[in-house]
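K.L.:
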Amino acid sequence: MATRDHQQNHVRYSSSKVGIIGAGISGIAAAKQLRCHLPVVFEATDTIGGVWKHCSFSSTKLQTPRCDFEFSDYPWPERVNTNFPSYVEVLEYLHGYATHFDVLKFVNFNSKVVGIRYVDDGAHQTTGVATIPGEHPPLLKGHPVWEVAVESGQHKTVQWYAFEVLVVCIGKYGDVARKPAFPANRGEEIFKGKVLHTMDYSKLDKEAATELLEGKKVAIVGYKKSAIDLAVECSQANQGANGQACTIVIRTLHWTVPSYWIWGLPFFLFYSTRSSQFLHERPNQSLTKTSLCLLLSPLRKAISKLVESYLTWKLPLKKFGLKPDHPFEEDYASCQMAILPENFFSEAEKGKILFKRAPSKWCFWNGGIEFEDNTKLEADVVLLATGFDGKKKLQSILPEPFSSLIVDSTGIMPLYRGTIHPLIPNMAFVGYIESVSNLQTAELRCKWLARLVDNQFKLPGVEKMLEQTSKEMQVMKRTTRFFGRHCISTFSINHNDEICEEIGWKSWRKNNWFREAFSPYTSQDYEEEN
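Each position in the sequence shown, counted from 1, maps to that position plus 187 in the numbering used here.
(1) On the criterion of 16 or more Cβ atoms from any shown chain inside 10 Å, does Lys634 qualify as buried, or is it exposed?
(2) Does chain D have any CB closer than 8 Å to the CB of Val444?
(3) Looking at Lys580: is its Cβ nearer than 8 Å to the Cβ of Val436?
(4) Would you mind giving the Cβ-Cβ distance between Val444 and Met524, rounded to the nearest angstrom? I have them listed as a contact below 8 Å.
(5) According to DSSP, is Val335 part of a helix, a strand, or is it coil?
(6) Quick one: complete alpha helix (DSSP H) runs, 4+ long, within the stretch 602-647?
(7) From the DSSP output, read off the bridge partner residues of His384.
(8) Once the 5 residues before and after Gly555 are set aside, which same chain residues still bring their CB inside 7 Å of it?
(9) Can you tell me which of Ala572, Ser213, Ile611 and His673 puts its alpha carbon nearest to the alpha carbon of Gly598?
(10) With distances taken between CB atoms, is the gap from Ala217 to Ile235 smaller than 8 Å?
(11) Candidates Trp347, Phe369 and Tyr603: which alpha carbon is nearest Val332's?
(12) Along the beta strand (DSSP E) that carries Lys543, what are the first and last residues, could you check?
(13) Pair every Cβ in the stretch 683-692 with every Cβ in the stretch 628-643, then say whether three or more of these pairs are closer than 8 Å.
(14) What does the Cβ neighbour count give for Ile377, buried or exposed, with the cut at 16 atoms within 10 Å?
(15) According to DSSP, is Tyr348 helix, strand or coil?
(16) Given 8 Å as the limit, is there contact between the stretch 390-403 and the stretch 420-433, that is, 3 or more CB pairs closer than that?
(17) Terminal residues of the continuous alpha helix (DSSP H) containing Tyr284?
(18) Taking all protein chains shown into account, decide if Lys412 is buried (16 or more other Cβ within 10 angstroms of its Cβ) or exposed.
(19) Which residue or residues does DSSP assign as beta-bridge partners of Leu452?
(20) Could you tell me the boundaries of the alpha helix (DSSP H) in which Val238 lies?
(21) Mapping the DSSP letters down to three states, classify Trp552 as helix, strand or coil.
(22) Using only the alpha-carbon positions, how far apart do Gln711 and Ser590 sit?
(23) Using beta-carbon positions only, say whether Ser243 and Ser298 come within less than 8 Å of one another.
(24) Here's the rule I'm using: 16 or more other beta-carbon atoms within 10 Å means buried, otherwise exposed. How should Lys403 be labelled?
(25) Per DSSP, which residues does Glu557 bridge with? Please list them.
(26) Expressed to the nearest angstrom, what Euclidean distance is found between the alpha-carbon atoms of Leu602 and His608?
(27) For Ser446, tell me which candidate among Phe616, Asn530, Ala572 and Met614 has the shortest Cα-Cα distance.
(28) Once you ignore the five residues that flank Gly409 on each side, which residues in its own chain have a CB closer than 6 Å to its CB?
(29) In terms of residue numbering, what span does the alpha helix (DSSP H) encompassing Arg487 cover?
(30) Would DSSP call Thr269 helix, strand or coil?
(31) Are the CB atoms of Gly361 and His241 within a distance shorter than 8 Å?
(32) Sort Gly214, Glu650 and Val419 by Cα distance to Tyr619 and report the nearest one.
(33) For Cys522, I'd like the list of residues in its chain whose CB is within less than 8 Å of its CB, leaving aside the five on either flank, ordered along the chain.
(34) Starting from Val419 and walking both ways along the alpha helix (DSSP H), at which residues does that stretch end?
(35) Is the stretch 285-293 close to the stretch 222-229, with three or more CB pairs under 8 Å?
(36) By how many angstroms is the C-alpha of Pro612 removed from the C-alpha of Phe705?
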């Protein structure tokens with residue numbers, strides 16, 4: 188690796204082919220696939236793991252069955268025999284993978300990226316936006332395209348690195364908390380208790396978390412997985428005589444599931460096989476397929492109703508006012524289906540977990556939360572399970588005009604094959620589209636990216652890539668009102684088919700037609716082809 192002094196900033200300057208930002212699951216998968224290029228990986232913290240390390244609670248578990256969260260060439264160890272491993276077991280698995288493939292040697296820990304500059308002197312010199320028609324040029328150009336400023340060490344010294352290709356794997360979750368905005372004198376500054384976002388709560392050890400919750404009136408704002416896990420932890424901390432109830436403040440209801448079985452049938456039969464996904468719209472489908480989708484829409488709706496009937500029978504959703512108005516399919520299509528902790532509703536039955544619907548705005552008063560109908564909820568602690576702003580995190584480090592281009596007019600990142608932004612040259616993004624198994628999704632796209640970097644195939648022109656991303660967005664918009672999460676769950680197999688075809692693999696991966704039609708696709712189906 189060549190080094191020299193950077194004339195403008197008087198700091199060391201290093202040049203390499205491939206840089207990777209982030210050492211979570213996506214970053215480690217990218218480093219493994221690109222290891223022949225000796226990538227330089229920047230991790231802001233002192234360990235790998237991403238959100239699994241820095242945004243997990245003591246009760247956090249895997250949301251998908253273990254078999255669906257597995258690298259294609261590294262099985263889970265035999266000692267892990269639960270379907271939903273804990274976050275500690277997930278971290279151990281990721282460390283085992285990184286150690287086995289000797290990926291850790293590429294990672295620079297405690298190295299925070301604080302700035303990025305575009306330095307290409309070719310066709311993109313003025314704006315950086317590729318406008319040349321036809322095929323996209325190769326990613327490896329033989330000269331730097333991006334410069335990255337990295338802050339490290341106790342003295343926070345800055346070193347600039349130059350790369351031909353930059354892979355961004357900092358993800359949509361963690362680092363930048365999404366918090367509600369309040370009118371003047373109606374925010375948390377007037378509240379006498381404590382306010383924490385889940386990002387801050389996850390940094391507490393078990394003893395500190397118990398001290399925060401025990402004997403306190405706790406309000407949790409949100410109703411996704413983090414809020415549900417928090418409610419259970421709160422109820423467990425308040426089992427004593429002086430225990431208080433925890434109240435979940437819910438704006439939008441979502442479907443929750445107790446397990447991956449529906450009326451005695453495995454859940455994958457309904458949504459995760461090639462035959463089940465045939466019922467759903469997908470990009471680039473023929474007129475015949477479009478007509479079939481229309482004709483089969485009653486069957487698709489019936490499957491959603493079947494799942495809903497099981498959930499309303501199995502869980503006391505109506506009793507607690509937790510039955511959503513929208514179809515189950517819309518939550519599945521937006522990757523918002525949450526697995527319930529085993530004792531969630533048992534704690535609700537004991538009165539340890541309460542529910543408050545707040546479909547409109549709310550604000551603080553000195554003793555808790557006040558709603559738009561002037562009702563008040565007393566609280567000593569308010570926990571905000573209101574998500575993260577991953578796009579703001581990206582925009583904070585990207586230079587203009589790329590910072591403004593990162594999302595389209597709908598607020599979604601237009602990523603070709605879930606990886607390449609057509610308007611940002613020589614940069615890839617891994618971990619920004621979702622599916623039922625984000626690990627499988629990230630790994631396959633890293634394999635695709637590695638072959639793209641090696642120039643084994645060429646990208647289409649910018650217009651064609653934008654056209655493809657637009658088709659995917661339109662499918663998501665027609666499938667679910669929650670399309671902003673960029674989830675491909677209802678056409679994930681088709682999405683993977685197109686990736687396989689582009690890199691020269693066969694798209695149908697099973698060894699017989701029955702398994703191809705009725706068994707789920709896992710990472711092992713996408714093992715390397717010789």
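Yeah, the Cβ is synthetic: ideal placement off N, Cα and C, and Gly gets one too.
P.N.:
On the basis of the supplied data:
(1) Within the sequence shown, residue 634 is the residue found at index 447, counting from 1. Burial is judged here by how many other beta carbons sit within 10 angstroms of a residue's own beta carbon; Lys634 has at least 16 and is buried.
(2) Included in the structure is just one protein chain, with no chain D present.
(3) Residue numbering aside, residue 580 sits at position 393 when the sequence shown is read from its first letter. Residue numbering aside, residue 436 sits at position 249 when the sequence shown is read from its first letter. Cβ atoms of Lys580 and Val436: not closer than 8 Å.
(4) Against the sequence shown, residue 444 aligns to sequence position 257. Against the sequence shown, residue 524 aligns to sequence position 337. In this structure, Val444 and Met524 form a Cβ contact; the two beta carbons are roughly 6 Å apart against a cut-off of 8 Å.
(5) In the sequence shown, counting from the first residue as 1, residue 335 sits at position 148. The three-state secondary structure of Val335, taken from DSSP, is strand.
(6) Taking only runs of at least 4 residues, the alpha helix (DSSP H) segments lying wholly in the stretch 602-647 are 625-640.
(7) Locating residue 384 in the sequence shown gives position 197, counting from the first residue. Its beta-bridge partners are Leu571.
(8) The sequence position of residue 555 within the sequence shown is 368, counting from 1. Here the set comprises Ala406, Lys563, Leu564, Glu565 and Ala566.
(9) As a working mapping, residue 598 is identified with position 411 in the sequence shown. Nearest of Ala572, Ser213, Ile611 and His673 to Gly598, Cα basis: His673.
(10) Taking the sequence shown and counting its residues from 1, one reaches residue 217 at position 30. Taking the sequence shown and counting its residues from 1, one reaches residue 235 at position 48. For Ala217 and Ile235, no; Cβs fall outside 8 Å.
(11) Residue numbering aside, residue 332 sits at position 145 when the sequence shown is read from its first letter. For Val332, the nearest C-alpha among the options comes from Trp347.
(12) Residue numbering aside, residue 543 sits at position 356 when the sequence shown is read from its first letter. Annotation: the continuous beta strand (DSSP E) that includes Lys543 extends over Ile540 to Arg544.
(13) Using a C-beta cut-off of 8 Å, the stretch 683-692 makes contact with the stretch 628-643, since at least three inter-stretch Cβ pairs fall below that distance.
(14) For this step, residue 377 is matched to residue 190 along the sequence shown. Ile377 counts as exposed, since fewer than 16 other beta carbons sit within 10 angstroms of its beta carbon.
(15) Against the sequence shown, residue 348 aligns to sequence position 161. Here Tyr348 sits in strand by DSSP.
(16) The stretch 390-403 is in contact with the stretch 420-433.
(17) Start at 1 with the first residue of the sequence shown, and residue 284 comes out as number 97. If you look at Tyr284, you'll find it in the alpha helix (DSSP H) that goes Tyr274 to His287.
(18) Stepping through the sequence shown from its first residue, residue 412 is reached at position 225. Result: buried.
(19) What you label residue 452 is simply residue 265 of the sequence shown in a count that begins at 1. Per the DSSP secondary-structure output, Leu452 pairs in a beta bridge with Ile449.
(20) Counted from its first residue, the sequence shown places residue 238 at position 51. It spans Val238 to His241 - the alpha helix (DSSP H) in which Val238 sits, taken as one unbroken run.
(21) The residue given as residue 552 occupies position 365 in the sequence shown. Trp552: strand per DSSP, three-state reduction.
(22) Within the sequence shown, residue 711 is the residue found at index 524, counting from 1. Within the sequence shown, residue 590 is the residue found at index 403, counting from 1. In a straight line, the C-alpha of Gln711 is about 37 Å away from that of Ser590.
(23) Looking up residue 243 in the sequence shown gives position 56. Looking up residue 298 in the sequence shown gives position 111. Taking C-beta atoms as the reference points, Ser243 and Ser298 fail to come closer than 8 Å.
(24) Position 216 of the sequence shown, counted from the start, is the residue given in the question as residue 403. Classification for Lys403: buried.
(25) The residue labelled residue 557 in the question sits at position 370 within the sequence shown. DSSP output for Glu557 lists Cys550 and Lys563 as bridge partner(s).
(26) As a working mapping, residue 602 is identified with position 415 in the sequence shown. As a working mapping, residue 608 is identified with position 421 in the sequence shown. Taking the straight line joining both Cα atoms gives about 5 Å.
(27) One-based indexing of the sequence shown puts residue 446 at position 259. The shortest C-alpha separation from Ser446 is found at Asn530.
(28) Counted from its first residue, the sequence shown places residue 409 at position 222. Counting only Cβ-Cβ distances below 6 Å, and skipping sequence neighbours, we find Ala572 and Thr573.
(29) Position 300 of the sequence shown holds residue 487. Element bounds for Arg487: Ser484 to Lys501.
(30) Residue mapping note: residue 269 aligns to position 82 of the sequence shown, counting from 1. In this structure, Thr269 counts as coil in the three-state DSSP scheme.
(31) Within the sequence shown, the letter at position 54 stands for residue 241. Within the sequence shown, the letter at position 174 stands for residue 361. Yes.
(32) Counting from 1 along the sequence shown, the entry for residue 619 is found at position 432. Looking at the Cα atoms, Gly214 is the closest of the given residues.
(33) As a first step, residue 522 is located in the sequence shown; it is residue number 335 there, counting from the start. Excluding positions up to five away in sequence, the list reads Glu621, Ser622, Val623, Arg672, Cys674 and Ser676.
(34) What you label residue 419 is simply residue 232 of the sequence shown in a count that begins at 1. Segment Lys412 to Ala424, the alpha helix (DSSP H) holding Val419.
(35) Flag = yes, the stretch 285-293 and the stretch 222-229 touch.
(36) What you label residue 705 is simply residue 518 of the sequence shown in a count that begins at 1. What you label residue 612 is simply residue 425 of the sequence shown in a count that begins at 1. Roughly 40 Å separates the two Cα atoms.
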